[in-house]
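What follows is one structure encoded as structure tokens, with my remarks underneath.
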Amino acid sequence: MIVKLIISTLIVGCSTLIGVIYAKSYTERTKLLNNIIGTLQMLESEIVYSATPLPLLLKKISKRSKSEIAKIFSKTVEILEKKDGQTFSDAWQLAIKEETKHSVLKKEDIELLIQLGNSLGISDIDDQVKHIRLAMEEIKRSYEQSIVEQNKNVQLYKNLGFLFGISVVIILF
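Be aware that the sequence shown starts at 713, since it is given in the working numbering, and climbs by one per residue.
Written as structure tokens, this is what we have:
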């Protein structure tokens with residue numbers, strides 16, 4: 713009897729934990745998108761108010777930000793400093809692919825970042841600011857959508873994990 717109780721508790725606990733972990737990805741994506749918006753605002757401000765070259769600018773912002781995009785900035789600078797003949801756009805795309813392998817970002821979010829990198833460093837300040845603002849608007853839409861998804865799905869997956877565990881216990885015993 714005690715063995716059944718222990719096994720039942722483990723099954724329910726593990727399935728609930730799986731539900732909580734899956735639900736956490738929704739909250740993590742929302743936080744990450746918000747951080748990306750803030751980091752892009754920093755980038756926009758630095759481009760407008762300083763005449764710093766883009767690689768130095770990315771390095772500076774990556775030290776100030778704790779977002780996943782700061783890792784992308786650092787990786788881009790690292791790739792550019794190797795001087796393998798990579799263009800900024802190529803280095804940016806490579807950095808995004810490496811740094812978002814295990815990210816909670818959706819494919820659309822990653823595509824937005826790639827598109828932004830294709831327009832940075834190749835035009836005047838006003839044009840770069842327009843591209844950054846456009847990217848921020850798109851990311852804000854994704855952010856708002858992620859809040860809706862988070863509100864809808866977090867509790868759902870937590871409850872599903874728990875209920876799945878209970879149903880397995882009922883079926884087994």
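For each residue, glycine too, the CB sits at the ideal point set by N, CA and C. Source: prediction; values computed, not measured.
Contact under 8 Å by Cβ, residue i with residue j
i, j, result
"I851", "I749", "yes"
"T728", "F874", "yes"
"Y855", "L745", "yes"
"A735", "K842", "no"
"E756", "I844", "yes"
"C726", "G833", "no"
"V881", "S737", "no"
Top-ranked residue by Cα proximity to residue i, from the options
i, options, result
"A847", "E823, G833 and K870", "E823"
"Q957", "N863, N830 and L745", "This structure gives no information on residue 957, because the portion of the chain shown stretches from 713 to 885."
"E810", "Q798, Q827 and I791", "I791"
"S894", "G725, K771 and N746", "Residue numbering for the chain in the displayed model covers 713 to 885; residue 894 lies beyond these limits and cannot be assessed."
"K778", "Y761, D802 and N747", "N747"
"V760", "L744, D836 and V880", "D836"
"R853", "R776, V816, E820 and F876", "E820"
"L872", "E758, V724, I719 and D802", "V724"
"V816", "L717, Q862, S879 and I714", "Q862"
"N865", "R741, K716, Q840 and M754", "R741"
Buried/exposed call for residue i, threshold 16 Cβ in 10 Å
i, result
"A807", "buried"
"L766", "buried"
"S774", "buried"
"E793", "exposed"
"Q867", "exposed"
"V789", "buried"
"G731", "buried"
"E849", "exposed"
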